[in-house]
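Working notes, structure below.
In our numbering, the protein residues as written are 16 to 321.
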């Protein structure tokens, strides 16, 4: 909708899509910095923003995808609660996040925990303010009902086009592991991966890439339970669970490397860990940046990434 409004002013949807993503990324970085600074200090805040900005799939933040906008709203919601202590603003930004992606509804978890922990400060008014979050998803569903006659068309599209359906997580992991083993051969053949015009090398390799990112996700999520407020850790857990419970039959962990950008508490954990050692931080930037360059090359040459 924002792209359509911008395009009506001139410049076309591609220009406005990129512009909106870039502005949203700037806000996302600001909010991440302030949250990390509040929780762990300036040193961790600096490392956190670098870890997010140089994540291997961070190039999606420059493209007309919803990741940048979602992180800006979601991180902004938590910044409002943790730093500004304003649950009304947190509820409004959370509603915008839920309107951007349905997983934004999970922001009720960290916001609810923050209210419960400080209910004497926020009172029952604060509880009512965070209940604004679901209104974003409700408003989007109402628009779809008005426009297309189906308020759940966004969910139907996931089933029709990507084959996603509720699945036993053990089955998802078994299928993902099989895909990783099959895809490893493509990782060992960069010529096919970068030069073959067929889609199969990139799609096959993504199975292995997905399992690597899943391992990173699980490690950061586990550490998060020890170094982050419980609300943020639970948010990460349920965001991950939602992805594993609704896999795609072709690629079980479809889109996981891109999806990780949205789970912003993971980057707070990464910042906390890397801030302890400058060599580790530099090594992370080199490896992450190098992988990011490879994935960006695939992306701009119309090969599947995430």
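Ideal Cβ positions, reconstructed from N, Cα and C, are used throughout, including at glycine.
For clarity, every value in this text was computed on a predicted model and none was experimentally measured.
The region 302 to 321 and the region 85 to 94 do not touch, with fewer than 3 CB-CB distances between them shorter than 8 Å.
Contact check between the region 271 to 286 and the region 55 to 72: three or more CB pairs, one atom from each, fall below 8 Å, which counts as touching. Contact between residue 122 and residue 89 holds, since their C-beta atoms are separated by about 6 Å, short of 8 Å. An exposed status is given to residue 317, since fewer than 16 other beta-carbon atoms sit within 10 Å of its beta-carbon. Of the candidates 275, 151, 164, 321, 321 places its Cα closest to the Cα of residue 220. Spatial neighbours of residue 130 in its own chain (CB-CB distance under 7 Å, excluding positions within 5 residues in sequence) are listed in chain order as 102, 137, 141, 142, 145. The C-beta of residue 225 has 16 or more other C-beta atoms within 10 Å across all chains shown, which makes the residue buried.
In terms of CA proximity to residue 139, 127 leads the group 127, 149, 150, 148. Taking C-alpha positions only, residue 188 is separated from residue 179 by approximately 15 Å. Within the region 21 to 86, the complete alpha helix (DSSP H) runs of at least 4 residues fall at 27 to 55, 57 to 68. Excluding the 5 residues flanking it on each side, residue 39 has same chain C-beta neighbours closer than 6 Å at 83, 84, 87, in chain order.
If you look at residue 136, you'll find it in the alpha helix (DSSP H) that goes 134 to 145. By the beta-carbon neighbour count (other beta carbons within 10 angstroms, threshold 16), residue 190 is buried. The residues 77, in chain order, have a CB closer than 7 Å to that of residue 37 in the same chain once the five nearest residues on each side in sequence are set aside. In the displayed model, residue 215 falls within a helix according to three-state DSSP.
Taking 8 Å as the cut-off, the beta carbon of residue 280 is found closer than this to the beta carbon of residue 239. DSSP places residue 190 in the uninterrupted alpha helix (DSSP H) bounded by 184 to 202. Here residue 20 is exposed, its C-beta having fewer than 16 other C-beta atoms within 10 Å.
Going by C-alpha positions, residue 80 is about 30 Å away from residue 55.
Runs of the beta strand (DSSP E) lying entirely within the region 218 to 263 and spanning at least 3 residues: none are present. Rounded to the nearest angstrom, the gap between the Cα atoms of residue 110 and residue 211 is 43 Å. Judged by beta-carbon spacing, residue 228 lies within the 8 Å limit of residue 272, meaning their Cβ atoms are closer than that value.
Per DSSP, reduced to three states, the secondary structure at residue 287 is helical. Secondary structure note for residue 300: its alpha helix (DSSP H) is the uninterrupted segment 293 to 315. The alpha-carbon of residue 289 is positioned some 26 Å away from that of residue 256.
The C-beta of residue 106 has 16 or more other C-beta atoms within 10 Å across all chains shown, which makes the residue buried. When only Cα atoms are considered, residue 199 and residue 231 end up about 17 Å apart.
Here residue 24 is exposed. Its C-beta has fewer than 16 other C-beta atoms within 10 Å. Collapsing the DSSP output to three states places residue 266 in coil.
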